[in-house]
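K.L.:
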Amino acid sequence: MVDAYLMSMAVRSGDSLALHANDVQGVVSVRQWQHSDPDPRGPGVLVKDCDWGRTEVRAGSTPTQMGSWLQAEGLLAGGTPFTFSAWLRPTDLSADSVICSWLTPVGAVALVAVGGELTLRRWRDDRVDDLATGQRLRERAWHFVGAVVDASGDGITLFSAPWGRTGGPFVREFVVEHVGPRDDDGCLMVGRAVGVANGAFDGNVGGARLHLRSLDIVELMDLMNGLGDAADHEWQFDDRSDPDSAPPVAAGTPALTLFGAPAWSTLIPPPVESTGRPLVLGGSIHLHRDDVDDCEWPLAATIEVPADAPSGFYSLRITTADEERDLPFLVMGSARVTLLVPTLTWQAYGNLGRSPEQWPGRSHYSLHSDGSPVLVTSSRRPCDTFSPHARLQVEGGDGFADGAVVTHLMMADLYAWHWLVSEGVHPAVLDDRELHHAGAEALSDVDVLVLSAHPEYWTTQMLDALQGHLDRGGHVIYLGGNGLYWVTSLHPTKPHLMEVRRWGGSQTSSVDEFDRAHQFESVTGGLWVEAGRPPNESVSVAFTGFGAGDSLEFERSEMSYTPEWSWVFDGVEGPRFGAEGINAGAGNEFDRVDPTLPTPGRLTILATARPRTSDHFGVLEYGRSRAPHPVVAADMVMAETGAGGLVFSTSSVTASGCLVVEGPDAPLRRVVSNVLRRMLDSAR
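Note that my numbering has the sequence shown beginning at 1, numbered continuously upward.
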């Protein structure tokens, strides 16, 4: 594979693109895309080379920054004794797990769990020595762990105790030269070895404290039981006002900085039963050795986007001696008809099923190596779903045909784009992050906002912007299914980081019920419908069923034949439509009307697709029923807002695949095109 990524996937004409790469030599060129699916039922691959952006790339080999850790600067000093302690809950001890480390006058020292055994590791003169304690840590159990360094810098005591232990902690003393900190570097790391590139601990860290003296066994015992004197330095793990640092308890202590985008957690050891005293202030930080914030590969090229570059889908094509790779990006613009491209969905699915050694960073549908759900993902990494060729290969089972291929990412977004371009409406594109940051202002010149095939992940700011568009009388065409589903947040200063904490609904993994609070925003993880903002109030429908069985056609409702709505079906013959195109009119994931939930306005169901075989399922929040069943259906609907706008929903991930077919054999395209024209004729 070609190891490369873009710092941003969406720019405007006149901006520049930053390409970062690792061990890549080749040529970069720019391509403009209108359609990327080679399926013969569609128009084929429609791409052209641009006459700008061509350059050579020569990027050397650079270590990939992976893993997360904690770090405090300027706390340790040569000749000063100290005691570091923390509560740890290791979740994977199959590999060496670094607890804490610091530099010494001759190298470095770390507390490491080697095969689960607490060990003192020393780096000196290109040698690595391990001194084992004989004390073992257990996975998914809380332990009180740390080290005491005496004033001479030649004596160190390691201690540990599982939660609930009666008596004092296990201690092991070592007399070893030069284990104290050196004078010119007071850095203390938790979860990473000093001088090693990556984080190397899986598990929760809480209650980190630093005493600038050597504690004896009695003091350690008190500390373990929530008693004793206050530490010189201590941090709060329940204050998420800055997601990149744990603030100090008292003034004079630097913040404990988080690196690698770890997950904040409410998980802590229980308080001491006899006193009720908490062992840890607030929550904990869950570190993973496979976390990724930014791969931090060097800048390989800067591409200037011309001021007259039209809005649309593009890619940087990297050609090496062995292979080629397209890295997509959007040139955003302003137009009456604007397609919102769900790049957060691209990121959420990124590297699903891929080896993290080859594709750094996991998807929101994956588990970390320790089995915990992936809560934070990054776009600054090589990602297989950031591609015009990306497809999701279904392994089979759970309602999906074995080997089924789902086009629901960029390829499906290009179905919608090809349709809009072919309609001659001169559309523009906008991406999720731009809508998040710019809000409703990003839609100020938009009459018709088109939502693509799978806009699943929405932030509060995106929902607010959409509502502002509707309140101004703007129109919406929703071409997808399973949209506006998961509560999502973006890092306040690192927009490449997104957070999803699944709870309830149809999900592949779930956080603990009490661990749903997001670290990037003041929101609670789960479904937007549970948060009081159901997708129905924006697009009239909500996720209700899924499957990859036979193609589903829509059947017109009685209301669709009335004079009020028959114009939607001008040029369409017969009561059924939607079997044409690359995908079925209704399939994969689809939505329906829920009469118990609010809508954008007066609602009319124009058509419905109902599976008649048992290879389609209802989602968990509606009881997980097999078709045929009333809740397993896709409703094509129109809503009239109080501000004079229209909201039209096809309610299916696969519907946009029908839009690439033209002529008399394209009734679904005719329906959606009729709606688009009416919206443009009745624009604000």
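Backbone N, C-alpha and C define an ideal beta-carbon position, used for all residues, glycine too.
Once DSSP output is grouped into helix, strand and coil, what is the label at Y622?
P.N.:
Here Y622 sits in helix by DSSP.
K.L.:
Just the Cα atoms here: how many angstroms apart are A531 and H518?
P.N.:
Distance between the alpha carbons of A531 and H518 is about 13 Å.
K.L.:
Where A113 and T119 are concerned, what is the direct C-alpha to C-alpha distance, given to the nearest angstrom?
P.N.:
Rounded to the nearest angstrom, the two C-alpha atoms are 6 Å apart.
K.L.:
By the three-class DSSP mapping on this structure, what secondary structure does Q461 have?
P.N.:
Correct three-state label for Q461: helix.
K.L.:
Taking all protein chains shown into account, do 16 or more other C-beta atoms lie within 10 angstroms of the C-beta of M1, making it buried, or fewer, making it exposed?
P.N.:
Classification for M1: exposed.
K.L.:
So, is R325 buried or exposed, given that buried needs 16 or more other C-beta atoms within 10 angstroms?
P.N.:
With 16 or more other Cβ atoms within 10 Å, it is buried.
K.L.:
In chain order, which alpha helix (DSSP H) runs of at least 4 residues are fully inside the stretch 213-259?
P.N.:
The stretch 213-259 contains these whole alpha helix (DSSP H) runs: 217-224.
K.L.:
Is the distance from the Cβ of G578 to the Cβ of F554 below 7 Å?
P.N.:
Result yes, Cβ atoms of G578 and F554 sit closer than 7 Å.
K.L.:
Helix, strand or coil for V394, going by three-state DSSP, please let me know.
P.N.:
For V394, the predicted model reports a pLDDT of 48, less than 50, meaning its position is unreliable; a value from the coordinates is still stated below. Of the three classes helix, strand and coil, the one that applies to V394 here is coil, per DSSP.
K.L.:
Please list, in chain order, all residues of the same chain as E234 whose beta carbon is under 6 Å from its beta carbon, the five residues on each side excluded.
P.N.:
Excluding sequence neighbours, E234 sits near R209, V249.
K.L.:
For M410, report the span of its beta strand (DSSP E) as first-last.
P.N.:
It is not in any beta strand (DSSP E) - M410 instead sits in the alpha helix (DSSP H) that spans 410-422.
K.L.:
Between A321, D222, L256, G252, which has its C-alpha nearest P278's C-alpha?
P.N.:
Nearest of A321, D222, L256, G252 to P278, Cα basis: D222.
K.L.:
Under three-state DSSP, which class holds G403?
P.N.:
Residue placement at G403 cannot be trusted, given a pLDDT of 47 that sits under 50; what the coordinates show is reported in the next sentence. G403: coil per DSSP, three-state reduction.
K.L.:
DSSP on R677, reduced to helix/strand/coil?
P.N.:
Here R677 sits in helix by DSSP.
K.L.:
DSSP on W359, reduced to helix/strand/coil?
P.N.:
Looking at W359 - three-state DSSP - the assignment turns out to be coil, as it is neither helix nor strand.
K.L.:
Going by the CB atoms, is the gap between A412 and A348 shorter than 7 Å?
P.N.:
It is not a contact, given that the beta carbons lie outside the stated cut-off.
K.L.:
May I ask which residues mark the beginning and end of the alpha helix (DSSP H) holding R556?
P.N.:
Unbroken run through R556 is the beta strand (DSSP E), 554-556; no alpha helix (DSSP H).
K.L.:
Going by beta carbon distance, what residues of the same chain come within less than 6 Å of S363, once the five residues before and after it are set aside?
P.N.:
Here the set comprises Y349, G350, N351, L352.
K.L.:
Pull up the distance between the alpha-carbon of A110 and that of G199, whole angstroms please.
P.N.:
Taking the straight line from one Cα to the other gives about 13 Å.
K.L.:
Considering only C-alpha positions, which residue in the set S649, G571, D239 is nearest to L281?
P.N.:
Minimum Cα distance to L281 is reached at D239.
K.L.:
Would a C-beta distance cut-off of 7 Å place N588 and V653 closer than the cut-off?
P.N.:
Result yes, Cβ atoms of N588 and V653 sit closer than 7 Å.
K.L.:
L443 by DSSP, collapsed to three states: which one?
P.N.:
Helix.
K.L.:
Is the stretch 438-445 in contact with the stretch 320-339, if contact means three or more CB pairs nearer than 8 Å?
P.N.:
Short answer: they touch.
K.L.:
Do you know whose CA, among F590, G53, G618, lies nearest A309's CA?
P.N.:
When each option's Cα is compared against that of A309, the closest is G53.
K.L.:
Need the endpoints of the alpha helix (DSSP H) that N204 sits in, please.
P.N.:
It is not in any alpha helix (DSSP H) - N204 instead sits in the beta strand (DSSP E) that spans 203-211.
K.L.:
Does the stretch 499-515 come within contact of the stretch 657-675, defined as at least 3 CB pairs closer than 8 Å?
P.N.:
Touching, no.
K.L.:
Who are Q71's beta bridge partners in DSSP?
P.N.:
Partner(s): M189, T257.
K.L.:
Considering only residues of the same chain and omitting the five flanking positions on each side of I605, which have a CB-CB separation below 8 Å?
P.N.:
The answer, listed in chain order, is S557, M559, V593, D635, M636, V637.
K.L.:
Check each candidate in F590, P598, G644 and name the one with the smallest Cα separation from G618.
P.N.:
Measuring from the Cα of G618, the nearest candidate turns out to be F590.
K.L.:
Grab the span of the alpha helix (DSSP H) containing V539 for me, first residue to last.
P.N.:
From DSSP, the alpha helix (DSSP H) with V539 extends over 536-539.
K.L.:
Consult DSSP for S652 and reduce its assignment to one of helix, strand or coil.
P.N.:
Strand, per DSSP.
K.L.:
If contact is defined by three or more beta carbon pairs under 8 Å, each pair taking one atom from either stretch, is the stretch 133-146 in contact with the stretch 156-163?
P.N.:
The stretch 156-163 vs the stretch 133-146: in contact.
K.L.:
Start and end of the alpha helix (DSSP H) containing D49?
P.N.:
From DSSP, D49 is part of no alpha helix (DSSP H) but of the beta strand (DSSP E) over 46-49.
K.L.:
If you check the beta carbons only, do F84 and Q135 fall under 7 Å apart?
P.N.:
No, Cβ-Cβ distance for F84 and Q135 is not below 7 Å.
K.L.:
Using only CA atoms, which one of S673, D23, R626, E621 lies nearest to T320?
P.N.:
The candidate whose alpha carbon is nearest that of T320 is D23.
K.L.:
By Cβ distance, which residues of its chain are closer than 8 Å to L470, with the 5 residues on each side in sequence left out?
P.N.:
Hits under 8 Å: V476, S538, P600, T641, A643, G645, V647.
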